[in-house]
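These notes are about the structure you will find just below.
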Amino acid sequence: MPKKVSRRSFLKKLIQFALISVGSGTGIYYYARDIETKMLKITEQKIAHPLIPSGFNGCKIVQFSDTHLGFQYTIKQFERLIAKINSLSPDIILFTGDLMDEPNKYEERVQISPILSSLSAPLGKYCIYGNHDHGGYGSELYHSIMTQSGFQVLKNDSVTIELNDESSIQIIGIDDAMLGKPNFDTTMANVPSDTFKMLLSHAPDIADLALKYGIDWQLSGHSHGGQIKIPFAGALVTPPYAEKYNEGLYHLENQNHSLTLYVNRGIGTTRLPFRFLSQPELTVFQLTSEDKLS
Ligand SMILES: [Fe+2]
66 MPKKVSRRSF
76 LKKLIQFALI
86 SVGSGTGIYY
96 YARDIETKML
106 KITEQKIAHP
116 LIPSGFNGCK
126 IVQFSDTHLG
136 FQYTIKQFER
146 LIAKINSLSP
156 DIILFTGDLM
166 DEPNKYEERV
176 QISPILSSLS
186 APLGKYCIYG
196 NHDHGGYGSE
206 LYHSIMTQSG
216 FQVLKNDSVT
226 IELNDESSIQ
236 IIGIDDAMLG
246 KPNFDTTMAN
256 VPSDTFKMLL
266 SHAPDIADLA
276 LKYGIDWQLS
286 GHSHGGQIKI
296 PFAGALVTPP
306 YAEKYNEGLY
316 HLENQNHSLT
326 LYVNRGIGTT
336 RLPFRFLSQP
346 ELTVFQLTSE
356 DKLS
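The sequence shown runs 66 to 359 under the numbering used here.
Written as C-alpha cells, this is what we have:
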C-alpha cells in the first residue's frame, strides 16, 4: 500500500528543496564571480610542421589574450599575470587583443606600460588589435601603450623571426574583423610562401579565409571560451566572428592546404563579471620541426 505523505512532511521536503536550490544557486553565483575568474589554466600545445626549421625546435611561445582591464580584471591581477608569463621563460610573447575593456574610460591606464615592459622574450613581443582595442576611441591609446611596452603591433603586417643560422618563420597580424579593417591581400603581399606562417587574428572565425591565403597556424582569442557555459548545452553567448570556432584546437583543410587554429579562452571578462566552466587561460606553445619525409 502506498505510504501516505503527511502535509507536514510534504512541506518539510518542499522547504528542503527550496533551500538546496537557493543554496546551490548562490554557490554557483559566488563561484562564477569570485573563484573561477581568478583561476589560471596553463595549456601546453605542440606546434609541429614541416616548414618549421630545425633551429626553432623547442622554441617556446606564450600567448595571452583578452585581459579586459577595468571591467572585472584589476591591474594587480595583471601584474601577477605578467610575472607568471616571465616565469615560463618564453622565447616569443604574443598578445591577441582586448587589453582594456573601455580604453578611454580606464583610469589606471598609465600603470599598464611599466608592467607590460617587464615582459621579456629574446625573439620578441608581438600583438594585434581586438575589437575592444578599437572601441572607445582606443586605437591610438592601445598602439601607444603596446609600443611603449616593447610590443610590435602587427596591423595587417608581418614580421620575420630569424635565427643566427638565417632560418626563419613568419608571424603575421591581421586587423580585427569586427571593428578594424582586415586586409589579407596587403598583409600577405610580402610574406614568402615557403616559410612557416603563423597568423594572429583576434577573431577566430577568420580561419576560413586564412586557410585560402596559405596560413599554416592561427592563434586567436575573442570568444572567452564562451565565458559562461551551461553543462551539456555549451556557451551561453558566442560573439560575432567566434560563432564557429570558440575554444581550443581546430583543423581546417581544403584541396591545397591545411591550417590549425588555436582559440585561447582569454584572461578577463566582459559584459558579465563571471566565468563558469571556462577558466582563464595562458597557452604555452612549443615549436617542433617535423621531418618533411615522415
Ligand atoms: Fe575579448
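Glycine included, every Cβ here is placed at the ideal spot set by N, Cα and C. These numbers come from a predicted model, not from an experiment.
May I ask you to report which of helix, strand or coil DSSP gives residue i?
i    : result
K294 : strand
E346 : strand
L358 : Low confidence applies to L358: its pLDDT is 45, below 50, so where it sits in the model is not reliable, and the reading given next is rough at best. Here L358 sits in coil by DSSP.
Y306 : coil
F160 : strand
V218 : strand
V256 : coil
E231 : coil
A268 : coil
E109 : strand
F249 : helix
H114 : strand
F121 : helix
N150 : Strictly speaking, residue 150 in this sequence is Ile, with Asn absent from that position. In the structure shown, I150 sits in a helix (DSSP, three-state: H, G or I).
R72  : helix
I226 : strand
Q81  : helix
G313 : strand
Y138 : strand
Q351 : strand
E173 : coil
L184 : coil
Can residue i be considered in contact with ligand 1, in the sense that its beta carbon sits closer than 7 Å to one or more heavy atoms?
i    : result
D131 : yes
D163 : yes
H289 : yes
H199 : no
G203 : no
T335 : yes
G195 : yes
G215 : no
G286 : yes
G331 : yes
Using a Cβ-Cβ cutoff of less than 7 Å, which residues in the same chain neighbour residue i once the five nearest sequence positions on both sides are dropped?
i    : result
A307 : A268, P269, D270, H287, S288
S354 : I117, P118, S119, F121, N122
So, at 6 Å on beta carbons, what are the nonlocal neighbours of residue i in its own chain, with the 5 sequence-adjacent residues on each side left out?
i    : result
C124 : D156, L352
F350 : Q110, I112, I126
A242 : A268, I271, Y306
Q213 : S178
N169 : G201, Y202
E167 : G201
D163 : D131, H133, G195, H197
F249 : Y278
H114 : F261, D281, E355
Among residues of its own chain, excluding the 5 on either side of residue i, which ones have a beta-carbon nearer than 8 Å to its beta-carbon?
i    : result
T251 : N221
K294 : A300, L301, F341, L342, S343
Q235 : S223, V224, T225, I226, V256, P257, T260, F261, K262, M263
Q176 : I140
P338 : R98, T102, F136, Q137
P296 : L342
L274 : F249
Restricting to Cα atoms, I'd like to know which of the options is closest to residue i.
i    : options                : result
D281 : G290, L264, P345       : L264
R98  : Q344, F350, V349, Q176 : Q344
N196 : G245, E346, K106       : G245
G92  : L206, Q142, F341, V256 : F341
K106 : S182, N319, K149       : K149
I158 : G135, C192, Q142       : C192
Y278 : G290, D259, G291, Q292 : D259
E173 : F136, L153, L184, S204 : F136
N321 : Q176, L276, D163       : L276
L314 : D163, T348, S182       : T348
T108 : R330, R336, N311, T334 : R330
S152 : L164, D198, Y171, S185 : S185
S154 : Q217, S183, Q283, H316 : S183
I180 : Y95, I210, L188, Y310  : I210
G238 : R336, S285, G291       : S285
Using a Cβ cut-off of 8 Å (strictly closer), state whether residue i contacts chain B.
i    : result
S185 : Annotation note: the requested chain B is absent from the structure, which comprises a single protein chain.
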